[in-house]
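**Q** Each protein sequence line maps, in turn, to chains A and B. Just so you know, the first sequence maps onto residues 81 to 311 in this note's numbering. Just so you know, the second sequence maps onto residues -2 to 276 in this note's numbering. For each residue, glycine too, the CB sits at the ideal point set by N, CA and C. Predicted model only: the values in this text are computed from it and were never measured. Pasting a structure here, questions to come.
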Amino acid sequence: MKNDICYSDMPVKLVAISSGVSYGALGSTHHSLHDVAALRAINNIDIVVPADNFEAQQAITLAAEHKRPIYLRFGKAAMYSLPSPATQGDRAGESAFAIGKARVLRDGHDLCFIANGETVIHALLAAEHLKQRSISARVISMHTIKPLDTAAILTAANDCRAIITVEEHMIHGGLGEACASLLLQAGLSPKFAIVGFPDEYTVTGAQADIFRHYGISMEGLGAVAAELLAR
Amino acid sequence: MSLTDHQLRQKSLQYRKQVLEIIYHAGAGHTGGSLSCIDILNVLYNRVLRVSPENFGSPDRDRYIQSKGHSVEALFVVLADKGFFAFDELKSLCRYGSHFVGHPTRKVPGVEFNTGALGHGLSIGVGSAIAAKKDGRDCRTFVLLGDGELAEGSNWEAAMCAAHYQLDNLTAIIDHNTLQITGRTRDVCANAPLDEKFAAFGWEVMTVDGHSIEQLTSAFQPASPSRQTVRPRVVIANTIKGRGVSFMEDVGKWHHGVPSKEEYVKAMAEIDVTMKAER
Ligand SMILES: Cc1ncc(C[n+]2csc(CCOP(=O)(O)OP(=O)(O)O)c2C)c(N)n1
Ligand SMILES: [Mg+2]
Chain A
81 MKNDICYSDM PVKLVAISSG VSYGALGSTH HSLHDVAALR AINNIDIVVP ADNFEAQQAI
141 TLAAEHKRPI YLRFGKAAMY SLPSPATQGD RAGESAFAIG KARVLRDGHD LCFIANGETV
201 IHALLAAEHL KQRSISARVI SMHTIKPLDT AAILTAANDC RAIITVEEHM IHGGLGEACA
261 SLLLQAGLSP KFAIVGFPDE YTVTGAQADI FRHYGISMEG LGAVAAELLA R
Chain B
-2 MSLTDHQLRQ KSLQYRKQVL EIIYHAGAGH TGGSLSCIDI LNVLYNRVLR VSPENFGSPD
58 RDRYIQSKGH SVEALFVVLA DKGFFAFDEL KSLCRYGSHF VGHPTRKVPG VEFNTGALGH
118 GLSIGVGSAI AAKKDGRDCR TFVLLGDGEL AEGSNWEAAM CAAHYQLDNL TAIIDHNTLQ
178 ITGRTRDVCA NAPLDEKFAA FGWEVMTVDG HSIEQLTSAF QPASPSRQTV RPRVVIANTI
238 KGRGVSFMED VGKWHHGVPS KEEYVKAMAE IDVTMKAER
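Spelled out as structure tokens, the structure:
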């Protein structure tokens, strides 16, 4: 990838399927939880992790015309059609899809979930759940990890007291660390937590079981949010 | 107390039933490839390999590396029979938190190497065989490959390397069932003639019926001390994917097909009939 695609600037479209722990029960040989970290370290490749049918369709269409190397990361399960301002018709345009432009799926001002791919739905569910506890949570689908939508992250850090990133990836080298690095270098330090796969032998089982195990669930994210805000 | 050919044939049938049982209960598994390689594993573990729960920590044990890791159910069933763990533990296959996952992992007692990403096993085997030679140990290394797996170029680097280092302590076995995950191997990435290819790479080639206890046994005998050339050996085992269950035999979808309740009952009954007929 580095030599023949990125360095050579070939506009190749890499499409990863069954990423993350889509093949949860097949064991670590069949998990891909390191791809984003490896690719983030390579110059000249865009990394896109669509969250739902809308984003997938948009990303594929744009990738076809993309002039640079691009990596699209998909899971295996059928995708959702998530509610968003764009799909609901109001504030049309704000959440339209562009590579490198995050989508705000839900507004909020206490805390912000920055998630991507198949974890986004869990962030949305957690936001709804937190609303009952009078916590207002923003949910951003950060479908593009490179180039990162820095404005959306900095805005979230200014608007909200806490940021929680969520990804189906090792916590090392993925979305969370990309956000942390940006914030710290911008001199911002909101309460911050990275939810993802810790540096250990990954537990196995169905994808949903593994997600729950590592707190990528409505309950898990709700608990992290409550703990973080109380800190 | 060595088992007769007849006893091993009965054992193979028992293993086939156990493979189906654990796949049926897990609701997941690689049925076709496990049934095609079970006779190979049977002969290896019950006749050839110096591997047991007692000697597994010894550097002198023989090494079995299952490069076609997806046929893990065959391996688990045989390891359970060899006493590495209780068969009942396999009820947790593919369940949340179980170490019996869908590919070989060294967290399971008796598993020599983690596999599942195809195309790694032969290179690992080459390393193991070189190490044995350097250490002056007489242990042997066996690597089981799929015919579809041979599309991975790393196999051919390893094949070249094995001949270069004259690894007569290395035996590669090809589970030559002519099917892979998406269809006939010849349609996906043709690799015939395998015998000529391996011969050209400097290997001793044997072609056998991969379901014949007798033929597998003789193919796995160590090289004769009076041999002229020192070469690694490949055993091309002609097999039938899904072997032993009529409706699974040579049918591509059983690569990772899981039997329904009716199919399961029918398959088990069929094997019972075979067992009685052979008795
Ligand atoms: C590196 C890698 N690529 C792809 C796969 C997916 N895969 C699993 S089984 C299989 C087909 C293997 O066919 P074959 O080697 O003939 O095995 P068998 O017929 O004995 O099941 C493939 C492509 C994999 N496990 N590893
Ligand atoms: Mg095959």
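Give a single yes or no on whether N174/B has its beta carbon closer than 7 Å to a heavy atom of ligand 2.
**A** Checking the Cβ of N174/B against ligand 2 gives yes.
**Q** How about L87/B and N43/B: are their beta carbons less than 8 Å apart?
**A** No, Cβ-Cβ distance for L87/B and N43/B is not below 8 Å.
**Q** Would you mind sorting C192/A into buried or exposed? The rule is 16 or more other CB atoms within 10 Å of its CB.
**A** So C192/A counts as buried.
**Q** Pull up the distance between the alpha-carbon of L309/A and that of F177/A, whole angstroms please.
**A** For L309/A and F177/A, the distance between alpha carbons rounds to 31 Å.
**Q** Who pairs with D126/A in a beta bridge, going by DSSP?
**A** The partner list for D126/A (beta bridge, DSSP) reads I150/A.
**Q** Taking the CB atoms as reference points, tell me whether A133/A and P149/A lie closer together than 8 Å.
**A** As written in the sequence, residue 133/A is Asn, which differs from the Ala given in the question. No, these two residues do not count as a Cβ contact at 8 Å.
**Q** For the stretch 94 to 108 of chain A, enumerate the residues whose C-beta is nearer than 7 Å to any C-beta of chain B, in chain order.
**A** Per Cβ criterion, the list reads A105, L106, G107.
**Q** Whole angstroms is fine: what's the gap from L282/A's alpha carbon to S99/A's?
**A** Rather than Leu, the amino acid found at residue 282/A in this sequence is Thr. Going from the Cα of T282/A to the Cα of S99/A covers about 14 Å.
**Q** The alpha helix (DSSP H) with F73/B in it runs from where to where?
**A** F73/B -> alpha helix (DSSP H) spans 69 to 78.
**Q** If you follow the beta strand (DSSP E) that I342/A is in, where does it begin and where does it stop?
**A** No information on residue 342/A is available, as it lies outside the stretch 81 to 311 that chain A covers here.
**Q** Does the stretch 55 to 72 of chain B come close enough to the stretch 130 to 141 of chain B to have 3 or more Cβ pairs within less than 8 Å?
**A** Contact holds: three or more Cβ-Cβ distances are below 8 Å.
**Q** Which residue marks the beginning of the alpha helix (DSSP H) containing N39/B, and which one marks its end?
**A** Here the alpha helix (DSSP H) through N39/B covers 28 to 40.
**Q** Just to make sure I have the definition right: I need the residues of chain A whose C-beta is within less than 7 Å of the C-beta of R92/B. Which are they?
**A** Those are G285, listed as they occur along chain A.
**Q** For chain A, check one thing: does any of its Cβ atoms lie closer than 8 Å to the Cβ of H278/B?
**A** No answer is possible for residue 278/B: it lies beyond the span of chain B, which begins at -2 and ends at 276.
**Q** Do E248/A and ligand 1 come close, with the Cβ less than 7 Å from some heavy atom?
**A** No; taking the cut-off as 7 Å, the Cβ of E248/A has no heavy atom of ligand 1 nearer than that.
**Q** Out of Q11/B, V231/B, A114/B, which one is the CA nearest neighbour of N166/B?
**A** Ranking Q11/B, V231/B, A114/B by Cα distance to N166/B puts V231/B first.
**Q** Counting only the same chain and skipping the five closest in sequence on each side, list residues whose C-beta sits under 8 Å from that of P106/B.
**A** Closer than 8 Å at the Cβ level, and outside the excluded window around P106/B, lie P50, F53, L76, F81, F82.
**Q** For ligand 1, any of its heavy atoms closer than 7 Å to the Cβ of Q212/B?
**A** Q212/B: no, Cβ never under 7 Å from ligand 1.
**Q** I'd like the ranges of any beta strand (DSSP E) spanning at least 3 consecutive residues and lying wholly in the stretch 239 to 276 of chain A.
**A** Runs found: 242 to 250.
**Q** First and last residue of the beta strand (DSSP E) that includes D192/B?
**A** Element bounds for D192/B: not the beta strand (DSSP E) but the alpha helix (DSSP H), 191 to 197.
**Q** When you compare the CB of H110/A with every CB in chain B, is at least one pair closer than 8 Å?
**A** H110/A counts as touching chain B.
**Q** Report buried or exposed for Y12/B, applying the criterion of at least 16 other Cβ atoms within 10 angstroms of its Cβ.
**A** That one is buried.
**Q** Where are the alpha helix (DSSP H) runs, 4 residues long or more, that stay fully inside the stretch 205 to 258 of chain B, in chain order?
**A** Listed in chain order, the complete alpha helix (DSSP H) runs (minimum 4 residues) inside the stretch 205 to 258 of chain B are 210 to 216.
**Q** Below 7 Å on C-beta distance, what does A114/B contact in chain A?
**A** Residues of chain A passing the Cβ test: T109.
**Q** Go through its chain and collect everything with a Cβ distance to G116/B's Cβ below 7 Å, but skip five positions before and after it.
**A** Correct list, in chain order: E146, E149, S151, N152.
**Q** Assuming K238/B contacts S55/B (C-beta within less than 8 Å), just tell me the rounded distance between them.
**A** Contact flag wrong, Cβ pair sits at about 35 Å.
**Q** For the beta strand (DSSP E) containing K93/A, name the first residue and the last one.
**A** K93/A -> beta strand (DSSP E) spans 93 to 96.
**Q** Relative to ligand 2, is the shortest distance from any of its heavy atoms to the C-beta of Q63/B smaller than 7 Å?
**A** Every heavy atom of ligand 2 is 7 Å or more from the Cβ of Q63/B, so no.
**Q** Which of the three DSSP states is assigned to R58/B in this structure?
**A** In the structure shown, R58/B sits in coil (DSSP, three-state: anything other than H, G, I, E or B).
**Q** Let's test the definition: count the other Cβ atoms within 10 Å of the Cβ of L301/A and tell me whether it reaches 16, buried, or not, exposed.
**A** Buried: at least 16 other Cβ atoms inside 10 Å.
**Q** Counting beta carbon pairs with one atom in the stretch 183 to 197 of chain A and one in the stretch 205 to 216 of chain A, are three or more of them shorter than 8 Å?
**A** Yes: the two stretches touch, three or more of their Cβ pairs being nearer than 8 Å.
**Q** Output needed in chain order: residues of the stretch 110 to 135 of chain B with a Cβ under 8 Å from some Cβ in chain A.
**A** Going along the stretch 110 to 135 of chain B in chain order, one finds N111, T112, G113, A114 with a Cβ nearer than 8 Å to chain A.
**Q** Could you round the C-beta distance between L164/B and P101/B to whole angstroms and report it? I think they count as a contact, below 8 Å.
**A** That pair is no contact at about 22 Å.
**Q** Would the stretch 267 to 279 of chain A count as touching the stretch 223 to 231 of chain A if we require 3 or more Cβ pairs under 8 Å?
**A** With a cut-off of 8 Å, the stretch 223 to 231 of chain A and the stretch 267 to 279 of chain A do not count as touching, because too few Cβ pairs lie within range.
**Q** For chain A, find out if any of its Cβ atoms is closer than 8 Å to the Cβ of G143/B; answer yes or no.
**A** So no, G143/B is outside the interface.
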